[in-house]
Amino acid sequence: MTYDLLIGQQSYSSWSLRAWLAFAPFDIPTTLHKVEIYGDTFYDDVAAFGAVRTVPAVRTPEGGMLSDSIAIAWHVADAFPDRGVMPSDPVQRAEAMSIIAEMHDGFTALRGACPVNLRTAWAGFEPSEGVLADVARFEEVMARAINRSGGPFLYGTFTLADAFYAPLATRLLTYGLPMSSTAQAYAKAIVTHPSFVDWRNAGMEETQEIARYDKAPLERVPFPTFA
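Each residue of the sequence shown is one higher than the one before, starting from 5 at the first, in our numbering.
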């Protein structure tokens with residue numbers, strides 16, 4: 005039973021990364037189909053897949069089409085209840101659903117000012133008050149979960165909640181944002197997770213760089229792999 009997963013460039017598409025991390029860490033087979041976000045044929049390519057104007061999108065083995073990351077997450081949770089994709093505790097599971105929804109719709113200042121670029125990190129970024137407020141909210145979300153679970157991920161083992169917060173964790177590292185030692189450890193756990201490493205390595209093989217993700221005149225510094 006294999007899913008078809010439509011993604012954008014792996015160095016840049018944070019929502020595609022979330023979808024990948026909804027499948028790969030749980031050994032759910034996928035076939036990847038890549039389109040170029042901001043490319044001339046992007047909308048035609050997405051339409052040819054059967055999706056609606058955005059990535060990621062998923063075609064289920066039964067032929068269903070999921071064109072939103074949160075719909076993908078809920079489907080995976082329903083279809084694979086025994087893979088550990090969500091916390092087993094009912095209270096933690098409900099909380100995980102809530103913080104996934106918050107990430108889906110929130111953290112707009114941080115997401116807008118700090119686009120994901122897994123090819124590099126940046127030195128000299130000065131966060132706005134809005135960005136710092138989003139970082140503070142992330143710290144609250146993370147601390148509540150990890151203080152209870154003991155980490156290294158939000159609910160102990162990797163779940164769909166971590167799939168949704170993974171791009172934010174990379175932003176903390178690549179823009180040098182102020183964070184607690186707990187957040188630092190969480191971000192490290194994300195970027196050293198084997199499924200994330202596989203995704204980033206594939207992105208590094210892409211030849212196209214997208215100008216709108218370049219934060220010049222900030223200085224490029226190496227991406228923190230913790231290798």
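Just so you know, even glycine gets a beta-carbon here, dropped at the ideal spot from N, CA and C.
Since residue i and residue j are thought to touch, with beta carbons under 8 Å apart, how far apart are those beta carbons, to the nearest angstrom?
i, j, result
"R22", "F168", "5 Å"
"L9", "H37", "7 Å"
Using the beta-carbon count (16 or more within 10 Å), is residue i buried or exposed?
i, result
"A231", "exposed"
"Y7", "buried"
"Y47", "exposed"
"T174", "buried"
"Q212", "exposed"
"P91", "buried"
"P127", "Reading off the sequence, residue 127 comes out as Ala, not Pro. It is exposed - the Cβ of A127 has fewer than 16 other Cβ atoms within 10 Å."
Return the chain-ordered list of same chain residues with a C-beta closer than 7 Å to the C-beta of residue i, the five sequence neighbours on each side being excluded.
i, result
"W19", "V59, P60, S73"
"A147", "T186"
"W203", "Q14, L21, W24"
Might you give, ordered along the chain, the residues of its own chain that have their beta carbon closer than 8 Å to the beta carbon of residue i, omitting 5 neighbours on each side?
i, result
"D31", "R87"
"I103", "V145, A149, L158, A165, F168, Y169"
"A193", "G155, P156, F157"
"P226", "T124, A125"
Return the chain-ordered list of same chain residues with a C-beta closer than 6 Å to the C-beta of residue i, the five sequence neighbours on each side being excluded.
i, result
"V80", "A26, V89"
"A206", "Q14"
On the three-pair Cβ rule with 8 Å, is the segment 129-139 touching the segment 175-193? yes
What are the uninterrupted segments assigned as alpha helix (DSSP H) that are 4 or more residues long and contained completely in the segment 112-171, given in chain order? 112-117, 133-153
Report yes or no: do three or more beta-carbon pairs, one from the segment 117-128 and one from the segment 185-193, lie closer than 8 Å? no
When the Cβ atoms of the segment 199-212 are set against those of the segment 24-38, are three or more pairs found closer than 8 Å? yes
Continuous alpha helix (DSSP H) assignments of at least 4 residues falling wholly in the segment 28-81: 46-53
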